[in-house]
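Sequence order for the protein chains is A and B. Per the working numbering, residue 1 is the first one in the first sequence, and the count goes up by one each step. Per the working numbering, residue 1 is the first one in the second sequence, and the count goes up by one each step. We put the beta carbon where it would ideally sit given N, CA and C, even for glycine.
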Amino acid sequence: MEKVFVLGGGVTKIGEHWSKSLRDLFVEAALKAAKNSNIELRDMEAVYVGNMSSGELQGQEHLGSLMATWLGIPGVAAVKVEAACASGGAVFHQAYLAVASGVYDCVLVGGVEKMTDAVVHDVTAALIMADDAEYTAFTGASFVGLNALVYRYYMEKYGVKQEDIALFSVHDHKYAANNPYAQYPFQVSLEKVLSSPLIADPIRLFECAPIGDGAAALILCSERFAKESGIKPEVEVAASALATDTISLVDRDDLTTLAATVKAAKKAYKKAGVEPRDIDVMEVHDAFTILGVIHLEDLGFAEKGKGWRLVKEGEIEKDSKIPTNLSGGLKARGHPVGATGVYQVYEIYQQLTGTAPNQVGKAEVGLAQSVGGVGGTVVVNILRRVR
Amino acid sequence: MGISAPSVPRVWRERIIKYRLLGSKCADCGKISYPPRKACPRCGSTNLVEISLPKRGKVLSYTVIRTPPRGYLKYSPYIIALIELENGARILAQLTDVDPDEVKSGMVVEAVFRRYREQGEDGIIEYGIKFRPPIT
C-alpha cells in the first residue's frame, strides 16, 4: 500500500451564495487547492466529487463529468460519491483508497453542496432521503426529528439536562467568530440557544447546523509523485476508515451510540497506530448539539452519558485535553452537506501545518469524523504531521 | 425542484406491510423487525419467518415536527414516535388522538389505521398505521 499525502487545500466561505452556482463553488475551491499546493489541475489523474443532493436541489447529476469540464480537464477520471451527510468524508475515503492502492499518484478530492436555491421545506424533504424513504420519510419525520428522538432518549436514559447538551452550540460559535470562512462567525449565549424556536422538540433552531452553500477541495498524492515533483509534503493520511450501521433507528439496539462511529474509529486508530489520547485536535460532525456530545463518547473521549461534561468543564477548548471543532463545527462554520467532511479534513490539515484560524499550540495528529444520516455511515479520517 | 411523491404502483406494492403490521423474526438471534425482510439486520441470518406484529406497544421516544418536509405542511405540528411493540419490534409512526403535551416516554399506545397524506387533487391518498392511547 502506498503512503498518501495531503499537498494542500482550498475552501469557499460558507453562506447564502446567491451569485454562485454549484459548479462555481466547486471550481473556486479546486483552483484554490491547486494554487495552495503549487500544482496544476492538469496534473490530476482523477477527480472525486462529494455531494449529497445536487439532483434533488439543483436538478443536476453527473457531477464527475460536469466538474471535469468546468475545471478544464475533461478526459480525467471523475466521479461523484454520495453517502448522505457523510458524502464529504466518504469521498475523501475513496480518493485516499485510489492513491493508497497505487492506481493514481495525484488526485483532486472535493465536496460541494448548493442548498439555498431551495425553500426550507424542499431542503427538509431532501435531507430526510438520508433515511429510509419507504418507512421513515413516509411518516412525515424530518431529519431533525430523528435526531430529536435520540436527544430525548439520551436525556431520559442518562438524566442529562438540555442546557448541558446545548452548550455545544455555544462552544462552536465561540470559535467560528474567528474563522473567516464560517457561515455564522459570531458568539451566542446559552440563553439565546435555549430560547430559539423549537424545530422538533426538544431540538431548537440554534442547536441545528444551518442550511448553506460551500465547497472544499484537497490535493492528495503518493510518495512517488512527491519525489518526482520535488515536493516535500507536510501532512500524511495516517488512516481513513468507513463503517455503516442500520439506516434507521428502528433496527438499533442502542439509540444513544452510533455503532458506525465506534467501528470506524477502532479501525482508524488501529491503522494509524494511535489511541484517543494521541489525538491533538479534532473536528466532529455535530449536526445537532446532541450528536456532538455522543461523538465525544463514541470516539473514546468520555464514558457513555458523560460526553457533555467535557464541554461543560472546558476540556474541548483550544488549549485543553481534546481541542474540538475549532473551526466552529457544523453549527457555526456551517454544513454544506456533501462538502462538510472535506472542510473538516482541510481544517485538520491547517492545524497540522500551523495555519488554522484558531491554531492549537502543537499538533502532530488530528482526527475528522463525518456522519451520514443518523449514523448510517461514519467516516473517521486521521492525519499526521510528517516529521 | 423534483421532490417526487410516491407513484400509484409504489403505494400499491407497499400496502400490505403498511396496512397490516407484518414483520419478520430471525430464527437464529430472535430479532424481530418491521417491515419483514430477507436478512436479519442484527446477525445477517437469512433464516427468517414472517409474523404478525402485536398492535400494542410503548413509546420509547417522541418528537413534535414543527418544520415538516414538503408534502406534510398542512398537518404540522404532528407527533412522531419510536414505538416498541409488545414483542420487542420497533416501529416509527405518528401518534394520533393525543395532545403533544400529554405524550410521555413509556406510555402505552395501540395501532390504528389512519390517513397519512394526500398528494393533492391529482394524486393518491396514502394510508398507514398510526398509534394512539388505547381505548379498547
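CA nearest to the CA of residue i, picked from the options
i: F113 (chain B); options: B:R70, B:R132, B:D122; result: B:R132
i: V386 (chain A); options: A:V380, A:P357, A:Y349, A:V378; result: A:Y349
i: T12 (chain A); options: A:L22, A:A29, A:S19, A:F5; result: A:A29
i: T257 (chain A); options: A:R224, A:G300, A:M282; result: A:G300
i: V81 (chain A); options: A:F138, A:G372, A:R384, A:L383; result: A:G372
i: Y104 (chain A); options: A:A78, A:G15, A:Y269; result: A:A78
i: L20 (chain A); options: A:G212, A:V235, A:V342; result: Leu is not the amino acid found at residue 20 (chain A); the sequence shown has Lys there. Checked all of A:G212, A:V235, A:V342; the closest Cα to K20 (chain A) is A:G212.
i: K321 (chain A); options: A:S327, A:V311, A:H17, A:G329; result: A:V311
i: L146 (chain A); options: A:P202, A:I73, A:Q60, A:E315; result: A:P202
i: R117 (chain B); options: B:V109, B:G128, B:V108, B:A111; result: B:G128
i: V49 (chain B); options: B:K31, B:K58, B:V64, B:T63; result: B:K31
i: K362 (chain A); options: A:D319, A:T324, A:W18; result: A:D319
i: K58 (chain B); options: B:E126, B:P6, B:S7, B:V108; result: B:V108
Residue i and residue j closer than 8 Å at C-beta
i: A200 (chain A); j: R90 (chain B); result: no
i: L85 (chain B); j: P35 (chain B); result: no
i: G305 (chain A); j: Y158 (chain A); result: yes
i: R42 (chain B); j: C29 (chain B); result: yes
i: G10 (chain A); j: N36 (chain A); result: yes
i: E236 (chain A); j: L383 (chain A); result: yes
i: A126 (chain A); j: E56 (chain A); result: yes
i: A243 (chain A); j: V342 (chain A); result: no
i: L95 (chain B); j: A111 (chain B); result: no
i: V4 (chain A); j: V47 (chain A); result: no
i: S52 (chain B); j: L92 (chain B); result: no
i: Y346 (chain A); j: L220 (chain A); result: no
i: G111 (chain A); j: G88 (chain A); result: yes
i: L149 (chain A); j: S61 (chain B); result: yes
i: V49 (chain A); j: L31 (chain A); result: no
i: P100 (chain B); j: V64 (chain B); result: yes
i: P323 (chain A); j: V281 (chain A); result: yes
Within-8 Å CB hit, residue i to chain A
i: P133 (chain B); result: no
i: Q94 (chain B); result: yes
i: I3 (chain B); result: Here I3 (chain B) scores only 46 on pLDDT, less than 50, and its place in the model is too uncertain to base an answer on.
i: S24 (chain B); result: no
i: P41 (chain B); result: yes
i: P35 (chain B); result: yes
i: L82 (chain B); result: yes
i: I32 (chain B); result: no
i: I124 (chain B); result: no
i: G128 (chain B); result: yes
Residue i Cβ short of 7 Å to the ligand MG heavy atom set
i: S320 (chain A); result: Within the structure as shown, the ligand MG is missing, as the structure has no ligands at all.
Min CB distance residue i to chain B below 8 Å
i: A200 (chain A); result: yes
i: A125 (chain A); result: yes
i: H335 (chain A); result: no
i: L291 (chain A); result: no
i: D213 (chain A); result: no
i: L406 (chain A); result: Because residue 406 (chain A) is not part of the residues shown, which for chain A are 1 to 387, the question remains open.
i: H121 (chain A); result: yes
i: T355 (chain A); result: no
i: T246 (chain A); result: yes
Residues near residue i by beta carbon distance below 6 Å, same chain, minus five either side
i: H137 (chain A); result: Checking the displayed sequence, the identity of residue 137 (chain A) turns out to be Ala instead of His. Same-chain partners within the cutoff: I128.
i: A368 (chain A); result: E283, Q344, V345, I348, N381
i: T340 (chain A); result: G88
Beta-carbon neighbours of residue i, restricted to chain E and to distances below 9 Å
i: R15 (chain B); result: In the displayed structure, chain E is absent; the protein chains listed are A and B.
Close beta carbons around residue i, own chain, < 8 Å, minus the five adjacent residues each side
i: G180 (chain A); result: According to the sequence shown, residue 180 (chain A) is Pro rather than Gly. Hits under 8 Å: K13, P357.
i: G102 (chain A); result: M1, E2, S222
Cβ neighbours of residue i in the same chain (closer than 7 Å, five flanking residues each side left out)
i: M1 (chain A); result: A100
i: D278 (chain A); result: V365
Note to self: Which residues of the stretch 44-78 of chain B have a Cβ closer than 8 Å to any Cβ of chain A? Give them in chain order.
What the structure shows: L60, S61, Y62, T63, V64, I65, R66, T67, P68, P69, R70, G71, Y72, L73, Y75, Y78
Check: Between the stretch 250-272 of chain A and chain B, which residues of the former have a C-beta closer than 9 Å to a C-beta of the latter?
Finding: V250, D251, R252, D253, L255
Item checked: Residues within the stretch 180-195 of chain A neighbouring chain B, beta-carbon criterion of under 9 Å -> none
Note to self: Give me the subset of the stretch 134-145 of chain A whose CB atoms are less than 9 Å from a CB atom of chain B, sorted by chain position.
What the structure shows: E134, Y135, T136, A137, F138, T139, G140, A141, S142, F143, V144, G145
Notebook entry, point to check: Of all the residues that make up the stretch 153-171 of chain A, which are near chain B by a beta-carbon distance shorter than 8 Å?
Noted result: Close to chain B, meaning a Cβ-Cβ distance shorter than 8 Å, are the following residues of the stretch 153-171 of chain A: Y153, E156.
Next item on the list: Below 8 Å between beta carbons is the criterion; list the residues of the stretch 328-353 of chain A that meet it against any residue of chain B, in chain order.
Entry: none
Next item on the list: Return the residues of the stretch 88-115 of chain B that lie within a Cβ-Cβ distance of less than 7 Å from chain A, sorted by chain order.
Entry: R90, I91, L92, A93, Q94, S105
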